[in-house]
Amino acid sequence: MENNENLVRVKTLSTRINNDFVSATKLNPRINIEGNLKSRKNKLSKLLHENLQDYLDLYDEAIRLTICSHELFKEHFPEKSTPSFVVLTAKMVTLMLGIKQMLEAGFSDCVKNLERPLIEANEVFFACLIDPELSKSFSSTSALYDNDKFYWENFSKGKLDKQCQKLYEKIELKKEDIENLNLRKSALKKFLSESIHSSFNAAFSSYLMMSIDFKIEDNIYGKVTTAYPRLLISLIEETHLFNNLLNDALDKKVCPELEGIETLNSYKLYKFYNEKFHLLFHTYYLKLEEDSKSYSKFFEDIRAYLESNNGT
1 MENNENLVRV KTLSTRINND FVSATKLNPR INIEGNLKSR KNKLSKLLHE
51 NLQDYLDLYD EAIRLTICSH ELFKEHFPEK STPSFVVLTA KMVTLMLGIK
101 QMLEAGFSDC VKNLERPLIE ANEVFFACLI DPELSKSFSS TSALYDNDKF
151 YWENFSKGKL DKQCQKLYEK IELKKEDIEN LNLRKSALKK FLSESIHSSF
201 NAAFSSYLMM SIDFKIEDNI YGKVTTAYPR LLISLIEETH LFNNLLNDAL
251 DKKVCPELEG IETLNSYKLY KFYNEKFHLL FHTYYLKLEE DSKSYSKFFE
301 DIRAYLESNN GT
């Protein structure tokens, strides 16, 4: 074993080992990860912008709106509230930016694995909004707490759902709307969990799902699949629902901590971006939703045809 000060860079030693293998076997063991990703990204970018530009632009507007909500709570925090809202909206922004990067790179499984904690961050946000004591405990900086224990005591086994239910009732949502919200969330979590827990069906679908230009390929360096429209619609819906609930909560003053927030300049910017997103959402949503269903149906029809011809 060489002393640390005499160690060469990992890449230098790796290249030497590769060269020795080539000399001994005449086989090339090199796998150019960076090169493969770079060349693949150019093709994916073209596919995305030719087929999904409106989806991407609306998702970018969703990110901008979430950034504005973060700036709003950041300006309000020093005077009035706990850091919970600042930290949670920051988490939402970073997750959404990470999702954007993974979408552009063609890694739909990574998108799903980031969307799941995004949904939970939204839920924890509303739990803190409706329960000031929970918000203080969650963001406590005076005493360290066991994260797992805190989660199980406050958020696990339906506790987050109950907190969200309190918010829905406080802002006087209709019973039918509450039921629809709960059904959507339950179905979405189930779908995303299939990817997180590596079910074979989810992994197989991601591996062989058609690209957005209706080609079947198994490229491991990323691909834009026919699932992309549905994924993007889901993400856009999540931002729309989150901000509808947040606006109602602010308008109806359900959280004493946020008193006076409407006087801030960042609040005016937030309201501008929220109204802009609301307008864009309602202008384009139905068309994008219908298009996403068409992509999904085409894939399902092809899969059914292949299964029937294989005798399954």
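Just so we're aligned, residue 1 is where the sequence shown starts under UniProt numbering, counting upward by one.
The beta carbon of each residue, even a glycine, is placed where N, CA and C say it ideally should be.
Check	Outcome
Collapsed DSSP secondary structure at residue 318 in the structure displayed	Here the chain comprises residues numbered 1 to 312, so residue 318 is not present and cannot be evaluated.
Cα-Cα separation, K149 to P117	18 angstroms
Pairwise C-alpha distance: A227 and M210	8 angstroms
At least 3 beta-carbon pairs within less than 8 angstroms: the segment 100-112 vs the segment 32-41	yes
Bounding residues of the alpha helix (DSSP H) (the contiguous stretch that carries C68)	Q53 to H76
Cβ contact (3+ pairs, closer than 8 angstroms) linking the segment 236-254 and the segment 167-176	yes
Distance, L13 Cα to L7 Cα	9 angstroms
Assigned secondary structure, S211 (DSSP; H/G/I helix, E/B strand, else coil)	strand
Cβ-based burial, N4 [other Cβ within 10 Å; buried from 16]	exposed
Within 8 angstroms, strictly: CB atoms of A121 and I236	no
Beta carbon of K293 nearer than 8 angstroms to that of L192	no
C-beta atoms of L258 and E75 nearer than 8 angstroms	no
Cβ-based burial, K26 [other Cβ within 10 Å; buried from 16]	exposed
Continuous alpha helix (DSSP H) stretch holding C164: start and end	K159 to K170
Separation of K91 from I33, as counted between CA atoms	29 angstroms
Where F138 sits in the DSSP three-state scheme	helix
P132 versus S296: straight-line alpha-carbon distance, rounded	43 angstroms
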